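Colleague:
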Amino acid sequence: MKARVLSIAGSAAQGSAGIQADLKTFQECDVYGMAAITAIVANNSKTTQGIFIHDKEMVKAQYEAALEHVGVDTIKTGMLFSKELIEEIATWLQDCPTKQIVVDPVMIGKMGSQLLADDAIVVLKEKLIPLATIITPNLHEAGKLLNRKTMIRSVVDMEKAAKELFKLGPSYVLIKGGALKDQAIDVLFDGERFNYYEKPRVRTIHTSGAGCSYSSAIAAELAKGRDMEESVRLAKEFVHAAIRHSLSFGRGVGSTNHAARRNYGVE
Ligand code: PXL
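Residue numbering for the sequence shown follows the numbering used here, starting at 711 and increasing by one per position.
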């Protein structure tokens, strides 16, 4: 049977991030993609015109409808925005039909829009992250989750942060080092060992959707039955190609190219 993945996340009008990135990534990874939309973000490569948050009944109806007949192998969460929604989603995920849950702790968009309310971080940490198979924070999100005053800047610091985040209860922590100075190295921690995923840094500003696509590719590979190390390795290759062949449509921050692996292969 075709592997099935549900994304619970926001819609990003520009097409590069959020649900749009998730569904494009699912298709490229050859899994069946579904969506429960938490919010509508009216954005493009220059501005965010508005953010409209869905109420929890609306999200629940989508979640239940999607799972009822199709079923699911992996659930991924992206932009959840409010503490009410996170609390609610955590109760569903406690007894959902899969134990494979990818939590991308989305906080701010590439154009600076706020995608997680300030008062929602505590419930994210206490209610949702403990249910996660893997969490995929970038350096900024990892720092925020740990209440750090200063930015995480080195691999040694990423390892330390991964150990601390592991204590919140996920089975794996992946800290993405896309914002490190000269390496694009990510650190995976399983509670005992570290794994490192490194690709040459691509010098581009056109990276909108990179985080969403990375976590979605991990979710897709897990859904197909791959183990975590292999899933992250394949997802890193996918997102590296998507950044290397990113699409600048001429203004502002351009989009990751979800078709890049198919069109150009991996390096
Ligand atoms: O890239 C983070 C992100 C996630 N989800 C939604 C977004 C964005 C960035 O704009 O709009 C809905």
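Positions of the beta carbon are idealized from the N, C-alpha and C atoms, including for glycine.
Just so you know, these numbers come straight off a predicted model, no measurement behind them.
Going by CA-CA distance only, name the one from A945, M938, F959 that's closest to E810.
Modeller: In the sequence on display, residue 810 carries Gln and not Glu. Among A945, M938, F959, the Cα nearest to that of Q810 belongs to M938.
Colleague: Specify the secondary structure class of T784 as computed by DSSP and reduced to three states.
Modeller: Three-state DSSP puts T784 in a strand.
Colleague: Mind checking which residues open and close the alpha helix (DSSP H) that includes G728?
Modeller: Segment 728–738, the alpha helix (DSSP H) holding G728.
Colleague: CA-CA distance, G901 and I885?
Modeller: Taking the straight line joining both Cα atoms gives about 13 Å.
Colleague: Using CA atoms only, rank isn't needed, just tell me which of E869, D765, S956, H850 is closest to A920.
Modeller: Residue S956 is the option with its Cα nearest to A920.
Colleague: Any heavy atom of the ligand PXL inside 7 Å of the beta-carbon of A722?
Modeller: True, at least one ligand heavy atom lies under 7 Å from that Cβ.
Colleague: Tell whether a beta-carbon distance below 8 Å holds between G788 and A719.
Modeller: Yes, they are a contact pair.
Colleague: Relative to the C-alpha of M711, which candidate in I839, V782, K891, E851 has its C-alpha closest?
Modeller: With distances taken between Cα atoms, M711 lies closest to V782.
Colleague: Let's see if you can read the secondary structure: which residues bound the alpha helix (DSSP H) around D867?
Modeller: Note, D867: alpha helix (DSSP H), 865–876.
Colleague: Among V963, R954, A723, G962, whose alpha-carbon lies nearest the alpha-carbon of N973?
Modeller: Considering only alpha carbons, the answer is R954.
Colleague: Given 7 Å as the limit, tell me if N753 has its C-beta closer than that to any heavy atom belonging to the ligand PXL.
Modeller: Yes, the beta carbon of N753 sits closer than 7 Å to at least one heavy atom of the ligand PXL.
Colleague: Restricting to runs no shorter than 3 residues, where is the beta strand (DSSP E) found entirely within the stretch 893–934?
Modeller: Entirely contained in the stretch 893–934, the beta strand (DSSP E) runs reaching 3 residues are, in chain order, 894–899, 904–909.
Colleague: Quick check: what's the CA-CA separation for L803 versus L841?
Modeller: Taking the straight line from one Cα to the other gives about 7 Å.
Colleague: From L856 to L875, what distance separates their C-alpha atoms?
Modeller: Taking the straight line from one Cα to the other gives about 7 Å.
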